[in-house]
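Q:
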Amino acid sequence: MSDIKNEIVRHIPHLRRFARALVNGVEVADDLVQDCLERAWAKRDKWDSRRDMRPWLFSIMHSVYANNARRYKRTPSMISYSELDDAAAAPDEHVELTMTDLQRALDQVSDEHREILLLIGLEQMSYKDSAEVLGIPIGTVMSRLMRARKRLRELMTDPTMPMTMIRRVK
Amino acid sequence: MPASARTVTDTHLQSYVDKRLNRLQEAEVEKFLFDHPVIKTELREYQLFNRSFHHMFDSVLDERLPKRLVEFDQEVTKNRISLAQAAVVFIALSVGLVAGWFGRGEFGPVGDPVAGETTLAMVRDAFSYHAVYTPEVRHPVEVPSSQQAHLVGWLSKRLKTKVTAPNLSETGFNLLGGRLLSSGNAPAAQFMYENAKGQRVTLFTRKRQSGEADSAFRYASKGKVNGFYWTDSELSFVLISDASKEQISKMAHVVYEKLNK
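Read top to bottom, the protein sequences are chains A and B.
Positions in the first sequence are counted from 1; adding 39 to them yields our numbering.
Positions in the second sequence are counted from 1; adding 423 to them yields our numbering.
1. How many angstroms separate the CA atom of residue 93 of chain A from the CA atom of residue 50 of chain A?
2. For residue 659 of chain B, write down the residues that DSSP places opposite it in a beta bridge.
3. Which residues in chain B sit within 8 Å of residue 161 of chain A, going by Cβ to Cβ distance?
4. DSSP on residue 540 of chain B, reduced to helix/strand/coil?
5. Tell me whether the region 446-466 of chain B and the region 485-495 of chain B touch, counting them as touching only if at least three CB pairs, one residue from each stretch, are closer than 8 Å.
6. Under a CB-based cut-off of 7 Å, is residue 468 of chain B close to chain A?
7. Could you check where the beta strand (DSSP E) with residue 674 of chain B kicks off and where it finishes?
8. By the 10 Å Cβ neighbour count, where 16 or more other Cβ atoms means buried, how is residue 485 of chain B classified, buried or exposed?
9. Hey, quick one: how far does the alpha helix (DSSP H) through residue 600 of chain B stretch, first residue to last?
10. Find out if the Cβ-Cβ distance for the pair residue 431 of chain B, residue 455 of chain B is shorter than 7 Å.
11. Residues of chain A with CB closer than 8 Å to the CB of residue 493 of chain B, please, in chain order.
12. Nearest to residue 41 of chain A by alpha carbon, out of A/53, A/176, A/56, A/83?
13. Given residue 86 of chain A, which residues of its chain have a CB within under 7 Å of its CB, disregarding the five upstream and five downstream residues?
14. Within this structure, are the beta carbons of residue 651 of chain B and residue 666 of chain B separated by less than 7 Å?
15. Any chance you could list the alpha helix (DSSP H) runs of at least 4 consecutive residues sitting entirely within the region 74-119 of chain A, in chain order?
16. Identify every residue that forms a DSSP beta bridge with residue 664 of chain B.
17. At a CB distance below 7 Å, what residues from the region 180-194 of chain A approach chain B? Give them in sequence order.
18. For chain B, is any of its Cβ atoms less than 7 Å away from the one on residue 44 of chain A?
19. Would you verify that the beta carbon of residue 56 of chain A is, or is not, closer than 7 Å to some beta carbon of chain B?
20. Checking 7 Å against the spacing of the C-beta atoms, do residue 601 of chain B and residue 612 of chain B come in under that value?
21. With respect to the beta strand (DSSP E) encompassing residue 615 of chain B, which residues constitute its N-terminal and C-terminal limits?
22. Taking C-beta pairs closer than 7 Å, name the residues in chain B that residue 147 of chain A reaches, listed in chain order.
23. Between the region 63-80 of chain A and chain E, which residues of the former have a C-beta closer than 8 Å to a C-beta of the latter?
24. If you draw a straight line from the alpha carbon of residue 483 of chain B to that of residue 89 of chain A, how long is it in whole angstroms?
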């Protein structure tokens with residue numbers, strides 16, 4: 040395997056985690072990852088090997104996703120039966136319920152908000168790298184992040200998703 | 424969030440949530456939050472979101488990578504159909520065909536599991552013609568591959584659009600030739616291929632009809648015969664063979680690649 044392939048492969052688990060959170064369904068998420076990897080491979084000459092590959096790969100995933108959002112469309116609250124079974128069998132039911140609520144809230148925020156919440160909150164991407172990934176100024180990253188969090192919180196505090204649930208997560 | 428008249432900005436607050444401040448800045452924010460309990464609660468919840476994201480999705484990091492994700496350096500993975508996707512939807516049609524939908528549109532809209540009636544009529548015709556001509560020993564084709572230029576020129580003229588017989592030799596199948604047929608009221612072409620074992624494949628095509636949308640590869644079968652069909656901007660295609668579904672899906676990809684070069 041070439042060095043560049045090795046380097047790309049190293050990042051696949053993170054791309055998958057991000058994709059899994061960004062869209063619904065394991066297969067659809069992996070489709071997004073695969074499309075991203077094929078695009079990255081096709082433009083591998085464009086990668087500056089002196090730089091960290093992670094923001095470069097995530098910026099490709101961002102553009103693949105943004106340009107084909109319809110293809111990877113989230114189907115709100117589509118939880119598979121096996122996931123429901125897992126939830127029912129979970130030792131701490133409240134944690135699982137909260138996760139479902141948060142998942143539902145995440146389903147409902149805009150694509151833009153979901154991306155920034157996950158890039159920073161899940162992938163722990165720096166604000167600077169996030170700006171690069173999304174192709175926006177860092178000031179926009181900060182203001183978008185703030186709005187996205189407020190929105191997610193509003194959805195979580197919706198009467199149908201009682202806030203008491205989320206407090207039980209430890 | 425009230426950002427006025429203080430040294431602690433919104434950016435500081437978000438950075439505090441993400442634990443990206445130095446100790447001095449962090450202490451400043453904490454002092455500020457002591458006087459603003461409502462904001463403090465809000466930020467705690469944001470931190471909880473971050474932790475919850477990890478709780479929900481970190482297990483993905485430990486999953487074994489599916490094969491298809493590590494083969495991105497192989498050209499053939501483009502325009503793929505995964506078997507997992509093949510399992511998504513199977514809908515029985517009244518004519519005895521089974522049409523499947525491969526979950527996503529490589530070249531078109533996603534969400535309509537079954538092709539329109541116009542397309543399905545073509546698929547039925549293609550299966551019938553496949554059954555009629557592939558067993559032919561002496562006259563499987565009207566124009567043999569030795570006259571390929573003439574064949575595609577003639578068919579292009581009759582179909583009123585450019586048609587080509589893609590080279591499938593990399594799959595072991597070589598062009599035998601083709602014939603002019605019809606589907607509905609439209610002229611259609613059938614190309615026939617054969618491998619060293621005498622197994623035959625037909626590629627049936629006609630001009631895209633009004634109301635036919637671009638579509639992903641779809642699967643259809645009749646008895647032991649399998650087919651994939653799709654529509655691009657100009658033409659609709661049906662690729663049929665008694666080869667396995669996997670084999671024919673691979674072939675369909677090759678056809679698609681060749682036609683879109």
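Built from N, CA and C at the ideal position, the CB exists for glycine as well.
A: With the structure as the only source:
1. In the first sequence, counting from the first residue as 1, residue 93 of chain A sits at position 54. In the first sequence, counting from the first residue as 1, residue 50 of chain A sits at position 11. For residue 93 of chain A and residue 50 of chain A, the gap between their C-alpha atoms comes out near 7 Å.
2. Residue mapping note: residue 659 of chain B aligns to position 236 of the second sequence, counting from 1. Its beta-bridge partners are B/629, B/654.
3. Here residue 161 of chain A refers to the residue found at position 122 of the first sequence. Annotation: Cβ neighbours of residue 161 of chain A in chain B (cutoff 8 Å, chain order): 473, 476, 477, 480.
4. Against the second sequence, residue 540 of chain B aligns to sequence position 117. Residue 540 of chain B: helix per DSSP, three-state reduction.
5. They do not touch, by the three-pair rule.
6. Within the second sequence, residue 468 of chain B is the residue found at index 45, counting from 1. Yes, residue 468 of chain B lies at the interface with chain A (some Cβ there is under 7 Å from its Cβ).
7. The count along the second sequence starts at 1 and reaches residue 674 of chain B at position 251. It is not in any beta strand (DSSP E) - residue 674 of chain B instead sits in the alpha helix (DSSP H) that spans 668-682.
8. Numbered from its first residue, the second sequence carries residue 485 of chain B at position 62. Residue 485 of chain B counts as exposed, since fewer than 16 other beta carbons sit within 10 angstroms of its beta carbon.
9. Numbered from its first residue, the second sequence carries residue 600 of chain B at position 177. Note, residue 600 of chain B: premise wrong, no alpha helix (DSSP H); beta strand (DSSP E) at 597-606.
10. Taking the first residue of the second sequence as position 1, residue 431 of chain B is located at position 8. Taking the first residue of the second sequence as position 1, residue 455 of chain B is located at position 32. Residue 431 of chain B is a Cβ neighbour of residue 455 of chain B, given a cutoff of 7 Å.
11. Translated into the one-based positions of the second sequence, residue 493 of chain B becomes position 70. Close to residue 493 of chain B, with beta-carbon spacing below 8 Å, are these residues of chain A in chain order: 48, 51.
12. One-based indexing of the first sequence puts residue 41 of chain A at position 2. Minimum Cα distance to residue 41 of chain A is reached at A/83.
13. Taking the first sequence and counting its residues from 1, one reaches residue 86 of chain A at position 47. Excluding positions up to five away in sequence, the list reads 92, 95.
14. As a first step, residue 651 of chain B must be located in the second sequence, where it is residue number 228. As a first step, residue 666 of chain B must be located in the second sequence, where it is residue number 243. It is not a contact, given that the beta carbons lie outside the stated cut-off.
15. Secondary structure remark: continuous alpha helix (DSSP H) runs of at least 4 residues inside the region 74-119 of chain A, in chain order: 92-106.
16. Taking the second sequence and counting its residues from 1, the one referred to as residue 664 of chain B is at position 241. For residue 664 of chain B, which the question treats as bridged, DSSP gives the partners B/624, B/649.
17. When CB distances to chain B are screened at a threshold of 7 Å, the residues of the region 180-194 of chain A falling below it are 181, 184, 185, 188, 191, 192, in chain order.
18. As a first step, residue 44 of chain A is located in the first sequence; it is residue number 5 there, counting from the start. Taking Cβ atoms only, chain B reaches closer than 7 Å to residue 44 of chain A, which makes this a yes.
19. Sequence index remark: in the first sequence, residue 56 of chain A carries index 17 (1-based). Yes, residue 56 of chain A counts as interfacial toward chain B.
20. Taking the second sequence and counting its residues from 1, one reaches residue 601 of chain B at position 178. Taking the second sequence and counting its residues from 1, one reaches residue 612 of chain B at position 189. Residue 612 of chain B sits close to residue 601 of chain B, with the two beta carbons spaced by under 7 Å.
21. Locating residue 615 of chain B in the second sequence gives position 192, where the first residue counts as 1. Counting along the chain, residue 615 of chain B sits inside the beta strand (DSSP E) bounded by residues 609-617.
22. Walking along the first sequence from the start, residue 147 of chain A turns up at place 108. Around residue 147 of chain A, no beta-carbon contact reaches into chain B at under 7 Å, the shortest distance being about 14 Å.
23. Absent here is chain E; the protein component of the structure consists of chains A and B.
24. Numbered from 1 along the second sequence, position 60 holds the residue referred to as residue 483 of chain B. Numbered from 1 along the first sequence, position 50 holds the residue referred to as residue 89 of chain A. Distance between the alpha carbons of residue 483 of chain B and residue 89 of chain A is about 28 Å.
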